[in-house]
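Worksheet: the structure to be examined is printed underneath.
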Amino acid sequence: SSTVVDVAEGGKTGAYAVNLTSPPSAPVTVTFNGGGQLAVEPGTLTFNSSNWDKPQAVTVRAVDDRVAEEAQHSGRIRHSVSSSDADYDGLAVVDLVGTVADNDSAGVKVSRQDLSVDEGGSSASYTVVLASKPTRTVMVTIDGGGQLVAAQSSGAAGYGGLTPNKVRVLVVGNDTPGV
Numbered sequence: 158s159s160t161v162v163d164v165a166e167g168g169k170t171g172a173y174a175v176n177l178t179s180p181p182s183a184p185v186t187v188t189f190n191g192g193g194q195l196a197v198e199p200g201t202l203t204f205n206s207s208n209w210d211k212p213q214a215v216t217v218r219a220v221d222d223r224v225a226e227e228a229q230h231s232g233r234i235r236h237s238v239s240s241s242d243a244d245y246d247g248l249a250v251v252d253l254v255g256t257v258a259d260n261d262s263a264g265v266k267v268s269r270q271d272l273s274v275d276e277g278g279s280s281a282s283y284t285v286v287l288a289s290k291p292t293r294t295v296m297v298t299i300d301g302g303g304q305l306v307a308a309q310s311s312g313a314a315g316y317g318g319l320t321p322n323k324v325r326v327l328v329v330g331n332d333t334p335g336v
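Just so we're aligned: the sequence shown equals residues 158 to 336 in the numbering used here.
Listed below in structure tokens is the structure:
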């Protein structure tokens, strides 16, 4: 079988088949580990003296992690073999490489494009959320251009996840003390 499989986050899956090369003297279990990029079903296959030469299907899918990564990146499926048959126990099996098409992109989503506020205390709100899960803290600076001020004292919000953050906007009025 092939040592490369192409998959896509939220879409295309791949498959390959596994079988033994000789009849075992005891059941042989092959365990699959796709790491953080690939999911493998089933997680284990068991072969014995009656099914050792019959290929068993393994389905591979990309983990839809909501992290913006390279458009094409890869993951590895590692195989471990265990059996009381000494010829198979601990047998080295080549890793399978999965080429993953990513479906996430970095970006900031704002819930509203227009706000209406008046001097004298009225306010309006909008939410800001990242389009994908960041690998580090992201700072989004809110600049009212001297006419508006964000309710946050720092004027910036740090985002470490995908939870929407509410921003409250007030008018900077001529009679607003301290602003």
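Each residue gets a CB set at the ideal place from its N, CA and C atoms; glycine is no exception.
Assigned secondary structure, residue i (DSSP; H/G/I helix, E/B strand, else coil)
i	result
G192	coil
L202	strand
V220	coil
A183	coil
K290	strand
G167	coil
L305	strand
V326	strand
Buried versus exposed, by CB contacts within 10 Å (16 or more), residue i
i	result
L272	exposed
Q218	Residue identity check: residue 218 is Arg in the sequence provided, not Gln. By the neighbour-count rule (16 or more Cβ atoms within 10 Å), R218 is buried.
Residue i versus residue j - alpha carbon distance
i	j	result
Q270	K211	60 Å
G192	V220	9 Å
D246	S240	5 Å
A263	D163	23 Å
R235	V215	13 Å
The beta strand (DSSP E) enclosing residue i, as first and last residue numbers
i	result
L248	Run containing L248: none; DSSP gives neither H nor E here.
S239	229-240
V397	Outside the displayed span of the chain (158 to 336) sits residue 397, for which this structure offers no information.
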